[in-house]
Amino acid sequence: MRHILWVILRFVLLAFFLLLAVLPLYWIIITSLKGNKDIYTYPLLYFPRHPTFKSYEALFSFAKFGLYFRNSIVLSLVSSAVAVLISLFSGFGLSRLRKRNARNRVLLSLYFTQMVPGFVLMIPLFTMLTYIRLTDNLVTLAVVYVSMMLAFSTIMAKSFFDRVPVSLEEAAVIDGCSLPQALFRVVFPVTLPGIAAIFSFCFVNIWNELFIAVMLISTNGKMTVPVALNSFISKAGISWDTLSAGIVVALLPTMIIFGIGQRYIVAGLTEGSVKG
Amino acid sequence: MILPTFIILTVLWYLPMIRGLIIAFQHYNMFNLSDTSFSGFANFAAVILDPNVSFIGVLVNTFIWVFASLVLQFGLGFSLALLMRQRFRGRGIYSGFVFYSWALSGFAIGLVWSWMFNGEFGVVNDLLMRSGVIHAKIPFLSNPHFAMMSVIIANVWYGIPFFAIMMLSALQSVPRELYESAQIDGAGKTRQLLSITIPYVMPVIVSTTLLRTIWIMNFPDIIYGMTDGGPVNTTTTLAIQMINKVFQDYNYGQGSAIGVIIMVILFTFAFFYLRILSRGEVQL
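Residue numbers (my numbering), protein chains in the order written: chain Z, 1 to 276; chain C, 1001 to 1284.
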């Protein structure tokens, strides 16, 4: 009898969490499908009277969101790919480093970079870049993002490589591969889930980054999605129809990538921190 | 192998950090770039003694923001993990839905929740009124008493997945034999929880809470999207103040000074936190 009570309670609580998680998403999607009339009515409509894609049309035509979306996609994909590539090498090197002291010290310095507020660097970074006239440049932003993600990516990569037995690459070398060949043909394929995890992690974080992008980008045409959303808010007030459509579009890629990569990210983050 | 990483990190990270420290001690105003003389602690003094923004107030806000968010997130996240521990049908899909908030940009979350807390058309107001809890709409984000609460709620909503995911994995790594032998010895569920589970996952608890505390302090995206420090600076935390100094006042010297203050606080906190809470190794 008590067992059944527990089961019911568990079900209710799980349902509660689910509802809580989904409500905001549902609400913003619904808002984006309502025309302006339906948004600003009271009592609130939990389902649009006349669902319309008008907000999305406005978003892509007069608000030029397509351009910003494209900027963000390219930027995130490229930066993530580069970060993953570099971190694979450094993670591997770190994992196979024989002297434990050096390894720990390197690891510690990597963790250190995670702890400092990102925008203590923002200001000097900005001044440094202004000095060499590299601001307002998407390439610069890409490079900055890569460096932003490198530390954590390397840590993740290292923990993945720790799980690949050294004998694997040793066997490959014995069979006649040079070291780079061994890496690319044998080791990296084994850690594919890990690579997916690191990539997803980088992509999501870069896509969502606001402040550094705002700081470094000034021309309209080069804005990224978060920056664009930020610009929709003016002193005169917020037009929720376009904004909500923009938010939904902004949420889509990360949700997709996160949905796919979630499993791998979880595995990656917890490999290193949980015993056994 | 590791060299490229280090070069990049050094140039793009360590150097700016040192420079940032230096700027905190300089006069650095975008309107008067020719004068970058050293100003000693003038920037710090200006920030602390600012007549418009009470420094103590900002500190208190920061403390409430971090502490309340953390406790709630951890509590709820851990509870969720405990609930999800046993396999059930559809758990994979369920986790996809209940965890996705972590993937969203803090800024977008701030926007979404600001809409939900809207005084006129907000869902929160509507639901509260329909269930009879309140009888008049509350302008959450423009009322100094409710603004902080609202922002914290949004932050908690965002942070639950992090703890849920981490704790779930930690919980799943506890060996079953421990529970079985405890049950044989007559331990009830609560006792099991307290004496077996929690000590076993303590390292994970420590590292995740520390990490999350640092992240909460350093990412004002949610606050920025919801209230931008208002109303009347009731949701202004140190990070928000820094953002304002940089983006509104263009005063880089004072901005850097705040950044340094944040760093000092975090380092001190991390140091004492790890000291007090780590019994035995804390696995990095």
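Virtual Cβ for every residue (Gly too), placed ideally from N, Cα, C.
Determine, for residue i, whether the minimum Cβ-Cβ distance to residues of chain Z falls below 8 Å.
i: residue 1147 of chain C; result: no
i: residue 1185 of chain C; result: no
i: residue 1078 of chain C; result: no
i: residue 1031 of chain C; result: Caution applies to residue 1031 of chain C, whose pLDDT of 43 falls short of 50 and renders its modelled position unreliable; the value that the coordinates give is listed next. Not an interface residue.
i: residue 1113 of chain C; result: yes
i: residue 1269 of chain C; result: no
i: residue 1053 of chain C; result: no
i: residue 1027 of chain C; result: Low per-residue confidence applies at residue 1027 of chain C: pLDDT is 49, beneath 50, and the placement is therefore not dependable enough to give any value.
i: residue 1230 of chain C; result: no
i: residue 1090 of chain C; result: no
i: residue 1044 of chain C; result: no
i: residue 1150 of chain C; result: no
i: residue 1098 of chain C; result: yes
i: residue 1035 of chain C; result: Note that residue 1035 of chain C scores 48 on pLDDT, short of 50, meaning its location in the model is unreliable and no value can be drawn from it.
i: residue 1196 of chain C; result: no
i: residue 1106 of chain C; result: yes
i: residue 1249 of chain C; result: no
i: residue 1221 of chain C; result: yes
i: residue 1216 of chain C; result: no
i: residue 1101 of chain C; result: yes
i: residue 1048 of chain C; result: no
i: residue 1153 of chain C; result: no
i: residue 1243 of chain C; result: yes
i: residue 1094 of chain C; result: yes
i: residue 1280 of chain C; result: Confidence at residue 1280 of chain C is low in this model, with a pLDDT of 47, below 50, so the placement of that residue should be treated as unreliable; the coordinate-derived value is given next. No - not a single Cβ of chain Z is within 8 Å of the one on residue 1280 of chain C.
Can you give the beta carbon distance from residue i to residue j, rounded, assuming they're within the 8 Å contact cut?
i: residue 1200 of chain C; j: residue 1174 of chain C; result: 5 Å
i: residue 153 of chain Z; j: residue 83 of chain Z; result: 5 Å
i: residue 1061 of chain C; j: residue 1236 of chain C; result: 6 Å
i: residue 1121 of chain C; j: residue 40 of chain Z; result: 6 Å
i: residue 1074 of chain C; j: residue 1163 of chain C; result: 5 Å
i: residue 69 of chain Z; j: residue 249 of chain Z; result: 7 Å
i: residue 1154 of chain C; j: residue 258 of chain Z; result: Actually they are not in contact, since the Cβ atoms of residue 1154 of chain C and residue 258 of chain Z sit about 19 Å apart, beyond 8 Å.
For a cutoff of 8 Å on Cβ pairs, would you count residue i as touching chain C?
i: residue 254 of chain Z; result: yes
i: residue 211 of chain Z; result: yes
i: residue 71 of chain Z; result: no
i: residue 101 of chain Z; result: no
i: residue 66 of chain Z; result: no
i: residue 56 of chain Z; result: no
i: residue 137 of chain Z; result: no
i: residue 31 of chain Z; result: yes
i: residue 245 of chain Z; result: no
i: residue 259 of chain Z; result: yes
i: residue 51 of chain Z; result: no
i: residue 131 of chain Z; result: no
i: residue 250 of chain Z; result: yes
i: residue 208 of chain Z; result: yes
i: residue 204 of chain Z; result: yes
Is it the case that the Cβ atoms of residue i and residue j are separated by a distance below 8 Å?
i: residue 1105 of chain C; j: residue 210 of chain Z; result: yes
i: residue 204 of chain Z; j: residue 254 of chain Z; result: yes
i: residue 187 of chain Z; j: residue 173 of chain Z; result: no
i: residue 229 of chain Z; j: residue 1108 of chain C; result: yes
i: residue 1223 of chain C; j: residue 1112 of chain C; result: no
i: residue 87 of chain Z; j: residue 145 of chain Z; result: no
i: residue 1210 of chain C; j: residue 1273 of chain C; result: yes
i: residue 1070 of chain C; j: residue 1160 of chain C; result: no
i: residue 1170 of chain C; j: residue 1124 of chain C; result: no
i: residue 1139 of chain C; j: residue 1232 of chain C; result: no
i: residue 67 of chain Z; j: residue 221 of chain Z; result: yes
i: residue 122 of chain Z; j: residue 212 of chain Z; result: yes
i: residue 261 of chain Z; j: residue 197 of chain Z; result: yes
i: residue 33 of chain Z; j: residue 142 of chain Z; result: no
i: residue 1110 of chain C; j: residue 1225 of chain C; result: yes
i: residue 27 of chain Z; j: residue 1116 of chain C; result: yes
i: residue 1149 of chain C; j: residue 1234 of chain C; result: no
i: residue 175 of chain Z; j: residue 55 of chain Z; result: no
i: residue 1083 of chain C; j: residue 13 of chain Z; result: yes
i: residue 18 of chain Z; j: residue 1206 of chain C; result: no
Output the residue ranges of the alpha helix (DSSP H) runs that lie fully inside the region 166-199 of chain Z and measure 4 residues or longer, sorted by chain position. DSSP assignment within the region 166-199 of chain Z yields the following whole alpha helix (DSSP H) runs of 4 residues or more, N-terminal first: 166-174 and 179-182.
Residues, ordered as in the chain, of the region 166-197 of chain Z that lie near chain C by beta-carbon distance below 9 Å: Among the residues of the region 166-197 of chain Z, none has a Cβ less than 9 Å away from any Cβ of chain C.
So if I threshold CB-CB distances at 8 Å, which residues from the region 5-28 of chain Z count as touching chain C? Cβ contacts with chain C: 10, 13, 14, 17, 18, 20, 21, 22, 23, 24, 25, 27 and 28.
Please list the residues of the region 1116-1144 of chain C that have a C-beta atom closer than 8 Å to any C-beta atom in chain Z, keeping them in chain order. 1116, 1120, 1121, 1123 and 1126
Taking Cβ-Cβ distances below 8 Å as the criterion, which residues of the region 219-230 of chain Z are in contact with chain C? 226, 229 and 230
Uninterrupted alpha helix (DSSP H) stretches inside the region 1212-1239 of chain C (no shorter than 4 residues): 1221-1226
Enumerated in chain order, which unbroken segments of the alpha helix (DSSP H) with a length of 4 residues or greater are wholly contained in the region 213-256 of chain Z? As far as the region 213-256 of chain Z is concerned, its whole alpha helix (DSSP H) runs of at least 4 residues are 225-232.
Identify every run of the alpha helix (DSSP H) within the region 16-56 of chain Z, keeping only runs that are complete inside it and at least 4 residues long; order them along the chain. Counting only runs of 4 or more, we get 36-39.
Just list the alpha helix (DSSP H) runs in the region 1097-1184 of chain C, keeping only unbroken ones of 4 residues or longer that don't cross its boundaries, in chain order. 1106-1116, 1123-1130, 1144-1172 and 1176-1184
Closer than 9 Å, Cβ to Cβ, to anything on chain Z: give me those residues from the region 1056-1087 of chain C, in chain order. 1076, 1079, 1080, 1083, 1084 and 1086: these are the residues of the region 1056-1087 of chain C whose beta carbon lies less than 9 Å from some beta carbon of chain Z, given in chain order.
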